[in-house]
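Participant: Structure in structure tokens, see below.
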Amino acid sequence: MVLTARQPLTLEAFAMARTGVPELHEMTMDGQVMRMRAISNLALPAGQAVVLRPGGHHLMLTQLQEPLTEGEVLQLTLKLRTADGKVVTQAISVPVKAHMMMPSGGASATTPSGMAAQPAAHQHHHGMAH
Numbered sequence: 001m002v003l004t005a006r007q008p009l010t011l012e013a014f015a016m017a018r019t020g021v022p023e024l025h026e027m028t029m030d031g032q033v034m035r036m037r038a039i040s041n042l043a044l045p046a047g048q049a050v051v052l053r054p055g056g057h058h059l060m061l062t063q064l065q066e067p068l069t070e071g072e073v074l075q076l077t078l079k080l081r082t083a084d085g086k087v088v089t090q091a092i093s094v095p096v097k098a099h100m101m102m103p104s105g106g107a108s109a110t111t112p113s114g115m116a117a118q119p120a121a122h123q124h125h126h127g128m129a130h
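Written as structure tokens, this is what we have:
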């Protein structure tokens, strides 16, 4: 998914009812080895698209209570912090696609907290009414 904030925001966490331990992750190359690790937050600079995808920054869903089914829509809540320290939450809908059975995904949302979330394949980015 692609997140575009109207104002500087920091993605600090996310939640989904069906996951025990949701984590923000990043993958980096260490020589010839790709390493994945949990991160505490992700900066979302104003007006800059931040891409979440396999092989880079992504949302990791662990300890699912039941398998994902292609075609269902997951309801996620993003926890964001503004530059002045205010915590805001943003609900987004993420359609499950066959390629999401590994770390991957796409989302489509337009929201009031100053951020846009759109499928990574969609290159037109709107400001939000994250």
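Numbering follows the numbering used here, with no gaps: position 14 of the sequence shown is 14. All residues carry an ideal CB built from backbone N, CA and C; glycine is no exception. Just so it is clear, the structure is predicted and the values come from calculations on it, not from any experiment.
May I ask which residues mark the beginning and end of the beta strand (DSSP E) holding GLN75?
Facilitator: 73-82
Participant: What first and last residue would you give for the beta strand (DSSP E) that runs through GLN7?
Facilitator: Segment: none, GLN7 is in no beta strand (DSSP E) and carries neither H nor E.
Participant: Would LEU24 and LEU11 be called neighbours here (beta carbons separated by less than 8 Å)?
Facilitator: Yes, these two residues count as a Cβ contact at 8 Å.
Participant: Please classify SER104: does DSSP put it in a helix, a strand, or coil?
Facilitator: Reliability of the predicted coordinates at SER104 is poor, the pLDDT of 37 falling under 50, and the value obtained from them is presented with this limitation in mind. Residue state, collapsed to three classes: coil.
Participant: Take every Cβ of the segment 16-33, pair it with every Cβ of the segment 78-86, and state whether three or more of those distances are shorter than 8 Å.
Facilitator: With a cut-off of 8 Å, the segment 78-86 and the segment 16-33 do not count as touching, because too few Cβ pairs lie within range.
Participant: For ALA13, which residues from the same chain have a beta carbon less than 6 Å from its beta carbon, with the 5 sequence-adjacent residues on both sides left out?
Facilitator: LYS79, listed in sequence order.
Participant: Have a look at VAL50 and ALA15 and give me their C-alpha separation to the nearest angstrom.
Facilitator: 19 Å
Participant: Just the C-alpha distance for ALA5 and GLY47, rounded to the nearest angstrom, thanks.
Facilitator: 6 Å
Participant: In the DSSP assignment, what are the bridge partners of VAL94?
Facilitator: According to DSSP, which records beta bridges pairwise, VAL94 is partnered with LEU74.
Participant: Do GLU66 and VAL96 have their beta-carbon atoms positioned less than 8 Å apart in this structure?
Facilitator: no
Participant: Alpha carbons only, please: which of SER93, HIS58 and ALA98 is nearest the one belonging to SER40?
Facilitator: That would be HIS58, whose Cα lies nearest to the Cα of SER40.
Participant: Roughly how far, in whole angstroms, is the beta-carbon of THR27 from the beta-carbon of MET36, given that I think they are within contact range, below 8 Å?
Facilitator: Rather than Thr, the amino acid found at residue 27 in this sequence is Met. That pair is a contact at about 5 Å.
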